[in-house]
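Let me begin by presenting the structure, written as structure tokens, before commenting on it.
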Amino acid sequence: MGNKVFIFDTTLRDGEQSPGVSLNKKEKLDIAVQLAKLGVDIIEAGFPIASPGDFEAVKAIAQNVSGPVICALARIGFGDIDRAWEAVKYAKRARIHTFIATSDIHMKYKLNKTPEEVLEMVALGVKRAKGYTDDVEFSAEDASRSDLKFLCKVFETAIACGATTINVPDTVGYATPDEFGKFIAGIKAGVPNIDQAVISVHCHNDLGLAVANSLAAVKNGAQQVECALNGLGERAGNAALEEFVMGLYTRRDIYGYDTGINYQEIYRTSRLISSLTGMPVQPNKAVVGKNAFAHESGIHQDGVLKERTTYEIMNPQMLGMVQSNLVFGKHSGRHGFKQRLEELGYHLNDPEMDQAFKQFKELADKKKQITDADLQALAENLMRNIPEKWHLEYLYICSGTGVTPTATVRVVSEDQVVEEASCGDGPINAAFKSLERVTGMGVTLQHYSLNAVTGGKDAIGEVTVKVEYNDKVFTGHGISTDVLEASALAYLNAINRVIYENSNGEEITGK
Ligand SMILES: CC(=O)SCCNC(=O)CCNC(=O)[C@H](O)C(C)(C)COP(=O)(O)OP(=O)(O)OC[C@H]1O[C@@H](n2cnc3c(N)ncnc32)[C@H](O)[C@@H]1OP(=O)(O)O
Ligand SMILES: CC(C)C(=O)C(=O)O
Ligand SMILES: [Mg+2]
Numbered sequence: 274m275g276n277k278v279f280i281f282d283t284t285l286r287d288g289e290q291s292p293g294v295s296l297n298k299k300e301k302l303d304i305a306v307q308l309a310k311l312g313v314d315i316i317e318a319g320f321p322i323a324s325p326g327d328f329e330a331v332k333a334i335a336q337n338v339s340g341p342v343i344c345a346l347a348r349i350g351f352g353d354i355d356r357a358w359e360a361v362k363y364a365k366r367a368r369i370h371t372f373i374a375t376s377d378i379h380m381k382y383k384l385n386k387t388p389e390e391v392l393e394m395v396a397l398g399v400k401r402a403k404g405y406t407d408d409v410e411f412s413a414e415d416a417s418r419s420d421l422k423f424l425c426k427v428f429e430t431a432i433a434c435g436a437t438t439i440n441v442p443d444t445v446g447y448a449t450p451d452e453f454g455k456f457i458a459g460i461k462a463g464v465p466n467i468d469q470a471v472i473s474v475h476c477h478n479d480l481g482l483a484v485a486n487s488l489a490a491v492k493n494g495a496q497q498v499e500c501a502l503n504g505l506g507e508r509a510g511n512a513a514l515e516e517f518v519m520g521l522y523t524r525r526d527i528y529g530y531d532t533g534i535n536y537q538e539i540y541r542t543s544r545l546i547s548s549l550t551g552m553p554v555q556p557n558k559a560v561v562g563k564n565a566f567a568h569e570s571g572i573h574q575d576g577v578l579k580e581r582t583t584y585e586i587m588n589p590q591m592l593g594m595v596q597s598n599l600v601f602g603k604h605s606g607r608h609g610f611k612q613r614l615e616e617l618g619y620h621l622n623d624p625e626m627d628q629a630f631k632q633f634k635e636l637a638d639k640k641k642q643i644t645d646a647d648l649q650a651l652a653e654n655l656m657r658n659i660p661e662k663w664h665l666e667y668l669y670i671c672s673g674t675g676v677t678p679t680a681t682v683r684v685v686s687e688d689q690v691v692e693e694a695s696c697g698d699g700p701i702n703a704a705f706k707s708l709e710r711v712t713g714m715g716v717t718l719q720h721y722s723l724n725a726v727t728g729g730k731d732a733i734g735e736v737t738v739k740v741e742y743n744d745k746v747f748t749g750h751g752i753s754t755d756v757l758e759a760s761a762l763a764y765l766n767a768i769n770r771v772i773y774e775n776s777n778g779e780e781i782t783g784k
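Note that my numbering gives residue 586 to position 313 of the sequence shown, counting from 1, and the numbers run on in steps of one.
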């Protein structure tokens with residue numbers, strides 16, 4: 274083990290528990306492939322008992338992603354553990370992660386079990402998992418609010434029954450760094466067979482302390498840290514992977530630990546996950562936010578121009594935020610376009626490249642200069658593609674002061690062309706109503722956001738919508754230099770997603 278901290282990525286499991294996030298199998302697979310490029314040690318691919326969709330996604334990742342250990346989550350009961358193994362067994366290196374809560378409050382109110390019963394369940398569950406694989410992780414949910422003496426007994430039992438990693442979650446983000454560091458030291462001292470297992474931590478961010486707590490844990494003996502890109506996760510999220518690894522790297526003078534992370538992939542992975550989950554990264558987010566390396570005020574600009582490190586403690590290029598010397602516009606050719614996309618980390622197949630280049634030329638007719646951000650928006654839009662039942666052929670919107678907004682849309686499918694018009698409270702509402710009518714799909718809009726990809730009058734507008742259908746949430750995206758068109762494309766994309774996910778037998782895995 275030496276001085277390495279193992280990075281356990283839970284973006285696809287705890288990250289997917291973020292309200293409003295739902296990923297389908299292909300999206301999960303794309304993310305897992307990128308996580309492998311990023312160099313995480315363990316990918317927690319999902320919770321197979323939760324749904325057939327989650328099961329299939331874990332299985333597909335286990336079958337297709339090599340490099341990291343692939344892990345599946347299970348409650349401590351045999352049904353969960355058996356199902357987890359059924360999905361993850363295809364991986365070259367497979368881990369079962371089983372858990373049960375150990376705090377008084379969880380045992381009494383949630384589980385309705387005595388500590389003795391929980392201890393017995395731990396022994397049985399870990400043994401069951403060990404019967405399938407040597408690599409078993411046991412988590413004591415709500416560990417940080419558990420009685421330390423009882424927790425140590427639980428961990429001792431789990432290790433004696435075969436757990437090779439014992440995880441200490443701060444499930445509700447209640448701990449503070451000093452306290453959590455001491456807690457980890459207490460576990461190290463209080464579990465007699467601790468040398469036979471890796472100590473792991475899993476910190477939530479309810480008080481904004483998840484990364485600080487993870488760093489404190491490492492200082493006190495934790496060798497695995499569970500985290501998620503962009504800090505995704507239940508409620509306020511998990512420790513942000515990019516912040517933890519860059520904290521460890523930037524302050525290696527204090528910590529002296531390495532991770533196997535390929536830093537060059539951090540920015541790209543963050544973008545991909547933001548794009549596929551529909552969870553935007555706040556501009557002032559540490560490490561990967563739009564403003565993380567932007568200098569606005571004169572004194573700072575002066576300093577950075579004289580010497581970058583006056584105001585930058587990390588090098589953005591190290592994180593894969595690459596600058597290009599090439600300028601793109603309508604005179605650019607296919608080779609330069611392809612090369613730049615590859616430099617940005619997008620390896621499209623030939624049909625995707627044909628489509629991307631066509632869209633690039635259309636965009637170049639509307640926009641004088643195409644930036645990296647525009648190219649990224651085009652490529653990501655293609656990666657999110659799903660087979661379209663309906664394609665938007667025509668959109669006409671009439672709106673203004675004193676006018677009732679109306680929208681006419683025409684959509685086409687393999688064998689139909691349909692046109693409808695509707696009035697609405699505003700032009701976007703009118704377009705959405707028309708799209709619902711024309712496709713015959715009654716969905717409920719839950720969320721709408723518009724992001725200008727770059728500055729300027731001719732910027733691409735990127736619209737993300739979340740719609741509800743049968744108690745499940747579906748995300749849609751659309752891009753265009755015309756924000757009304759981008760909105761209609763996003764709404765139709767969400768409707769197509771509802772149709773697609775409900776027609777091919779692939780149950781969605783989100784909420
Ligand atoms: C801290 C965490 O992040 S834990 C992971 C959270 N993730 C999820 O919950 C994923 C999505 N969940 C689901 O799809 C569902 O909750 C399922 C499929 C897991 C279970 O669904 P249901 O059988 O309908 O149970 P429901 O979710 O209502 O209640 C949970 C049950 O599991 C029990 N339970 C909770 N944790 C554990 C555990 N670790 N081990 C054993 N039992 C547990 C609860 O006590 C409750 O049991 P009860 O029905 O006897 O009261
Ligand atoms: C399942 C466990 C590790 C968890 O997510 C938590 O306790 O937060
Ligand atoms: Mg968690």
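Beta carbons: idealized from backbone N, C-alpha and C, even for Gly.
In the DSSP assignment, what are the bridge partners of residue i?
i: residue 441; result: 474
i: residue 655; result: Residue 655 is not bridged to any residue.
i: residue 368; result: 344
i: residue 376; result: Beta-bridge pairing links residue 376 to no other residue.
i: residue 742; result: 745
i: residue 773; result: The partner list for residue 773 (beta bridge, DSSP) is empty, contrary to what the question assumes.
i: residue 511; result: 477
i: residue 399; result: Answer is none; residue 399 lacks a bridge partner.
i: residue 498; result: 280, 474
i: residue 319; result: 345
i: residue 411; result: 371, 439
i: residue 601; result: 643
Expressed to the nearest angstrom, what Euclidean distance is found between the alpha-carbon atoms of residue i and residue j?
i: residue 346; j: residue 479; result: 22 Å
i: residue 477; j: residue 607; result: 45 Å
i: residue 290; j: residue 579; result: 45 Å
i: residue 251; j: residue 636; result: An answer regarding residue 251 cannot be provided, because it is not within the stretch 274 to 784 covered by the chain.
i: residue 763; j: residue 394; result: 47 Å
i: residue 571; j: residue 584; result: 12 Å
i: residue 444; j: residue 629; result: 43 Å
i: residue 358; j: residue 460; result: 29 Å
i: residue 297; j: residue 465; result: 43 Å
i: residue 562; j: residue 575; result: 22 Å
i: residue 620; j: residue 652; result: 9 Å
i: residue 238; j: residue 368; result: Look at the range of the chain in this structure, 274 to 784, and you will see that residue 238 is not part of it.
i: residue 663; j: residue 699; result: 23 Å
i: residue 366; j: residue 404; result: 15 Å
i: residue 323; j: residue 634; result: 44 Å
i: residue 615; j: residue 424; result: 49 Å
i: residue 497; j: residue 691; result: 55 Å
i: residue 432; j: residue 408; result: 12 Å
i: residue 781; j: residue 577; result: Here residue 781 scores only 38 on pLDDT, less than 50, and its place in the model should not be relied on; the value that follows carries that caveat. Taking the straight line joining both Cα atoms gives about 47 Å.
Give me, in chain order, the residues of the same chain whose beta-carbon lies closer than 6 Å to that of residue i; leave out the 5 immediate sequence neighbours on both sides.
i: residue 677; result: 696
i: residue 335; result: 343, 361, 363, 364
i: residue 791; result: Nothing can be reported for residue 791: it is not among the residues displayed for the chain, which extend from 274 to 784.
i: residue 510; result: 478, 504
i: residue 560; result: 515, 516, 519
i: residue 771; result: 742, 747
Can you list, in chain order, the residues of its chain with a C-beta nearer than 8 Å to that of residue i? Leave out the 5 residues immediately preceding and following it.
i: residue 703; result: 670, 672, 678, 679, 680, 695, 696, 697
i: residue 276; result: 529, 530, 531
i: residue 422; result: 463
i: residue 591; result: 536, 537
i: residue 706; result: 680, 695, 696, 697
i: residue 594; result: 540, 566
i: residue 458; result: 493, 494
In its own chain, which residues sit with a C-beta less than 7 Å from the C-beta of residue i, not counting the 5 before and 5 after it?
i: residue 666; result: 683, 684, 685
i: residue 331; result: 318, 319, 321, 345, 360, 361
i: residue 709; result: 715, 716
i: residue 484; result: 512, 513, 516, 517, 520
i: residue 337; result: 302
i: residue 351; result: 401
i: residue 523; result: 586, 587
Counting only C-beta atoms, is residue i closer than 8 Å to chain D at any point?
i: residue 467; result: Going by chain labels, chain D is absent from the structure shown, which holds only one protein chain.
Is residue i near ligand 4, in the sense that its beta carbon is under 7 Å from a heavy atom of that ligand?
i: residue 287; result: Looking at this structure, you won't find ligand 4 anywhere; what it does contain is ligand 1, ligand 2 and ligand 3.
The segment 408-418 contacting the segment 437-452, beta-carbon criterion three pairs below 8 Å: yes
Three-pair Cβ contact test at 8 Å for the segment 489-501 versus the segment 464-474: In short, these stretches touch, since the Cβ pair count reaches three.
Stretch pair the segment 726-738 + the segment 644-659: three plus CB contacts closer than 8 Å: yes
The segment 544-552 in contact with the segment 656-666 per 3-pair CB rule at 8 Å: yes
Sufficient close CB pairs (3 or more, under 8 Å) joining the segment 277-285 to the segment 301-320: yes
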